[in-house]
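Presented below is the structure to which this report refers.
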Amino acid sequence: MPSRPARRSDVLAYESAGAGEPLLLIHGIGHRRQAWHPVVDRLAEHHEVFLVDLPGHGESPAHVTDGRSPRQALIEPLEEFMAAAGLERPHVVGNSLGALISLEMSKHGLARSVTAISPAGFWRNDVEFAYVRALFASVIATSEVLKPVAPWLMRHRWGRTLGLSWLTARPTAIPSEVAYADLCNMLDSKQAVRDIIRGGYLFDGAVPADVPITIAWGSKDRVLRPYQAGQARVRLPGARHVELPGCGHVPMADDPDLIADTILATTQDTSTHLRRTA
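If you count by the UniProt record's numbering, then the sequence shown holds residues 1 to 278, one letter each, in order.
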């Protein structure tokens, strides 16, 4: 999908495509709405698709807590955006932090269905979460050092492999200009990343029984390791649990057809409220 100029609500920057039941796509921490571009065309054949930049990311305003809890600071901007855009209970798809947000939205009656791809909030203990904190701190520090040579680095397949293999299983599938823009976005959003990670929490697993939910996990996820899918199965036994073979933490460019098919299988569940376990 070619990049389009962002549209702005009073809350978030976004873009949209297609027609049909609304589908809201929420990216992960340190990323931006363009992460979904590899799958948007397929999804737009069936849905009106909305891609948003989270607060403090992409072209959206800063992430501000204003004394709100971490949950409220994540959910309320999306709720305000939906009200401004006239979206009533869209299908919601999220990756990483966005997947945690999508699950929280289901608890608040804001989602018609949820596809959560490698959701945050399913680590087992503080030690595992410490790994996530250390990983992002390391990536931000390395990106700051490499930024002066990043345009040259990302032109090369080996450079994208070096810079992006922690995030995706097929880093060479990311165009060089997109890879460089993603690196710049990570640095621009670093304060939001730090604030959000500081307020990280476990998802409690309480979701409505009438919302179809799919939990999908890449088999090569190096950020939220695939064993966390087992925790998701325990906390969300009524969800549909699927593996994404050969996919990393941000899998949309790893296997666009598989990701689109996984999402569409969930959105089509709403007619029967079918709930499955693997």
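Even glycine gets a Cβ: it sits at the ideal position worked out from N, Cα and C.
Take V223, set aside five residues on each side of it, and the residues of its chain with a beta-carbon closer than 6 Å to its own are H249, in chain order. Around the beta carbon of V149, fewer than 16 other beta carbons sit within 10 angstroms, so the residue counts as exposed. Rounded to whole angstroms, V93 and A73 show a C-alpha spacing of 19 Å. Checking the DSSP bridge columns, you'll see P22 partnered with E48. Membership of N95 in the beta strand (DSSP E) is indicated by the continuous run H91 to N95.
No Cβ-Cβ contact shorter than 8 Å links C247 with A173. Pairwise C-beta distances place the stretch 73-82 out of contact with the stretch 172-188, as fewer than three of them are shorter than 8 Å. Counting C-beta pairs with one atom in each stretch, the stretch 115-125 and the stretch 43-55 have fewer than three that are closer than 8 Å, which means they do not touch. Distance between V49 and L103, taken at the CA atoms: about 18 Å. Sequence-distant Cβ neighbours of D257 in its own chain, meaning closer than 8 Å and more than five residues away, are R42. Inter-segment contact for the stretch 9-24 and the stretch 86-101 is present: three or more beta-carbon pairs are separated by less than 8 Å.
Unbroken alpha helix (DSSP H) runs of no fewer than 4 residues, entirely contained in the stretch 154-185, are found at 157-164, following chain order. Taking W217 as reference, the option from I197, M252, I29 and V145 with the minimal CA-CA separation is M252. Excluding its 5 nearest sequence neighbours in each direction, R133 has C-beta neighbours in its own chain below 6 Å: I197, listed in chain order. Positions of the beta strand (DSSP E) runs, each at least 3 residues long and wholly inside the stretch 202-251, are given as 213-218 and 240-244 in order along the chain.
Within the model, the alpha-carbon separation for S106 versus A239 is close to 12 Å.
S189 counts as buried, since no fewer than 16 other beta carbons sit within 10 angstroms of its beta carbon. Closest by C-alpha distance to R233, out of R124, S16 and I29, is R124.
In the DSSP assignment, I29 falls outside any beta strand (DSSP E) and carries neither an H nor an E.
For T65, the three-state secondary structure derived from DSSP is coil.
Rounded to the nearest whole angstrom, the C-alpha separation of S219 and M82 is 32 Å. Assigned with DSSP and collapsed to three states, E128 falls in helix.
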